[in-house]
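Just below is one structure, and these are the notes that go with it.
2 protein chains.
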Amino acid sequence: MESIDKIHGTFEKKQSEQKNGQVSAAVIKRLPRYHRYLGDLLREGILRISSASLSRLMNVTASQIRQDLNCFGGFGQQGYGYNVKYLYGKISELLGVNEGYRAVIVGAGNLGSALAATHMFERRGIARVAMFDTNPDIIGTKIYGIPVYSVDELGSFCERESISIGVLSVPKEAAYDVARVMVDAGVKGLWNFANMELKLDNPDVIVENIHLGDSLMKLCFKIKTKSEEADND
Amino acid sequence: MESIDKIHGTFEKKQSEQKNGQVSAAVIKRLPRYHRYLGDLLREGILRISSASLSRLMNVTASQIRQDLNCFGGFGQQGYGYNVKYLYGKISELLGVNEGYRAVIVGAGNLGSALAATHMFERRGIARVAMFDTNPDIIGTKIYGIPVYSVDELGSFCERESISIGVLSVPKEAAYDVARVMVDAGVKGLWNFANMELKLDNPDVIVENIHLGDSLMKLCFKIKTKSEEADND
């Protein structure tokens with residue numbers, strides 16, 4: 077049984093890898109979700125898990141899980157299951173977690189403060205070193221322990237402190253100005269909550285635009301479809 | 077020229093439609109983004125737009141745009157371009173916008189307040205009628221005009237006020253309790269910001285889980301990949 081599994085594992089490994097031993101883009105896309113679940117398991121003290129259990133937990137077929145994870149070599153002997161810590165570490169490494177990225181949050185309103193309150197950054201090895209705002213009432217204070225500076229200092233700060241990630245929780249109208257200052261100061265990636273699609277001329281800077289409204293719309297569409305189904309029953 | 081275009085339009089229409097004149101799932105998935113762009117154009121007072129201009133704006137090929145939108149009949153005569161208002165209305169209808177859905181936001185912390193401050197809901201025809209929290213200091217106040225009630229009243233309120241959508245901006249630990257109360261009170265869809273995957277036994281209730289961390293991770297991965305590319309140059 078073990079040898080068949082081994083052969084199966086090797087076959088799947090070949091299938092899911094691309095040239096130069098790179099993990100395929102399709103697998104990469106699914107990894108953040110595995111990372112999230114494995115992180116939760118680790119925090120619960122669960123150190124190993126079978127593909128069947130992980131399958132039930134994540135609502136993904138066991139065969140998909142094997143295909144996605146076996147190429148990391150995280151599968152132990154038959155009957156042992158996956159080593160959660162090892163897999164979590166491997167996926168973290170692959171995804172660029174714990175690269176020591178440093179981030180700033182621009183815009184210290186409700187959304188900026190909500191982002192300051194989460195554990196999202198620390199869990200991915202990202203240090204949030206400062207927040208920036210234009211409001212004199214909050215400049216000089218700390219929000220969840222993060223110091224708030226004037227947006228006038230944004231460029232020089234990012235340059236001096238080697239900031240890699242800029243989070244934009246500013247109004248739409250301010251987004252391009254803030255983005256340009258950060259890009260000129262060497263920031264490598266922008267996480268954009270300004271509710272507009274930020275397009276930069278500089279192809280070296282990565283932008284992740286968050287569009288919560290699209291998700292809300294998906295929800296409405298599904299509710300509508302479900303109601304219509306029910307009406308037709 | 078016009079007749080060729082018409083034939084082309086009809087052909088594409090057939091291709092992108094499924095049985096019973098339904099728009100295909102692939103097109104549906106792309107519609108929220110069209111809806112967002114068309115809404116922005118309308119607010120700027122732009123009433124018609126060519127597929128070429130929309131293509132540049134949205135960074136999608138003109139042929140993809142024609143394929144996605146021609147089945148709505150929103151394309152006018154050759155050289156006229158799309159009727160923005162008509163298309164926006166058609167897509168809104170299809171997506172379940174303006175169905176008159178009523179929503180509550182549970183959790184009036186930073187994230188809940190940020191959600192109270194956006195125009196996201198109103199733009200999709202959703203009325204936010206109330207917020208709920210456990211903090212006695214904010215119960216009885218209004219946040220951006222929305223009254224805040226005690227979470228003890230959540231169930232009876234949802235039932236009495238025919239609430240369709242529940243937004244969860246509560247801590248992870250409270251998510252299931254809050255969800256159950258709302259589902260029992262007839263809420264049809266949950267928009268979950270509690271940073272965990274909410275799974276309900278009731279297949280009739282739609283859940284949209286928001287995982288901002290997955291997007292942050294994608295950003296890290298792209299920065300890392302880009303840096304490695306640069307190192308190899």
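Residue numbers (the numbering used here), protein chains in the order written: chain A, 77 to 309; chain B, 77 to 309. Idealized CB from N, CA, C, for every residue including glycine. Note that the coordinates shown come from a computational prediction; the quantities given were computed from them, not determined experimentally.
By the 16-neighbour rule on beta-carbons within 10 angstroms, Lys166(A) is buried. Cβ contact annotation for Pro223(B) (same chain, cutoff 6 angstroms, sequence separation greater than five): Ala206, in chain order. Between Asp209(B) and Ala184(B), the C-beta gap is smaller than 8 angstroms, which places the two residues in contact. Pairing Arg178(B) with Glu237(B), the inter-Cα distance amounts to about 8 angstroms.
Among the residues facing chain B, Asn159(A) is not included, as its CB has no counterpart in that chain under 8 angstroms away. For Pro108(B), the chain A residues whose C-beta falls within less than 9 angstroms of its own C-beta are His287, Gly289, Asp290, Ser291, Leu292, Met293, Lys294 and Phe297, listed in chain order. Excluding its 5 nearest sequence neighbours in each direction, Val283(A) has C-beta neighbours in its own chain below 7 angstroms: Leu266, Asn268, Leu274 and Leu276, listed in chain order. Annotation: the continuous alpha helix (DSSP H) that includes Tyr164(A) extends over Val160 to Leu171. When only Cα atoms are considered, Ala270(B) and Tyr158(A) end up about 27 angstroms apart. Taking a cut-off of 8 angstroms for Cβ pairs, the stretch 193–202 of chain B and the stretch 254–262 of chain B do not touch, as fewer than three such pairs fall below it. Taking C-beta atoms as the reference points, Val246(B) and Val182(B) count as a pair closer than 8 angstroms. In the DSSP annotation of this structure, Met272(B) is not part of any beta strand (DSSP E), being labelled neither H nor E. Nearest CB-CB separation between Ile125(A) and chain B: not below the 8 angstroms threshold. Between Lys161(B) and Leu118(B), the C-beta gap is smaller than 8 angstroms, which places the two residues in contact. In the displayed model, Leu107(A) falls within a helix according to three-state DSSP. Judged by DSSP in its simplified three-state form, Arg204(B) adopts strand. Within the DSSP bridge table, the entry for Ser127(B) names no partner.
At a cut-off of 8 angstroms between C-beta atoms, Lys166(A) does not count as an interface residue with respect to chain B. For Leu170(A) and Gln143(A), the gap between their C-alpha atoms comes out near 17 angstroms.
For the stretch 252–266 of chain B, the set of residues with a beta-carbon nearer than 7 angstroms to any beta-carbon of chain A comprises Lys264 and Gly265, in chain order. Around the beta carbon of Ala190(A), 16 or more other beta carbons lie within 10 angstroms, which makes this residue buried. Using a Cβ distance threshold of 8 angstroms, Ser129(B) and Thr137(B) do not count as a contacting pair. For Ser226(B) against Ile215(B), the beta-carbon gap comes to about 5 angstroms, under 8 angstroms, which counts as contact.
Leu123(B) is classed as exposed because its beta carbon has fewer than 16 other beta carbons within 10 Å across all chains shown. At a beta-carbon threshold of 9 angstroms, none of the residues of chain B lie near Met207(A); the nearest stands roughly 13 angstroms away. In the structure shown, the three-state DSSP call for Ser226(B) is strand. Within chain A, the residues Cys296, Phe297, Ile299 and Lys300 have their CB atoms less than 7 angstroms from the CB of Gly172(B), given in chain order.
Look at Ile282(B) here: in three-state DSSP terms it is strand.
A Cβ-Cβ distance of about 6 angstroms is found for the pair Tyr113(A) and Met134(A), placing them in contact under the 8 angstroms criterion. Residue pairing of Lys218(B) in beta bridges, as defined by DSSP: Pro223(B). Looking at the backbone, the Cα of Gly221(A) and that of Val180(A) are separated by about 13 angstroms.
Judged by beta-carbon spacing, Val254(B) lies beyond the 8 angstroms limit of Cys234(B), meaning their Cβ atoms are not closer than that value.
If you draw a straight line from the Cα of Ile239(A) to the Cα of Ile202(A), it is about 10 angstroms long. Residue-level contact check: Leu187(A) touches chain B, since one or more beta carbons of chain B fall below 8 angstroms from its beta carbon. Between Glu175(A) and Lys300(B) a beta carbon distance of about 6 angstroms is seen, short of the 8 angstroms cut, so the two are scored as contacting. One finds Ile299 in chain B with Cβ atoms closer than 7 angstroms to the Cβ of Ser240(A), taken in chain order.
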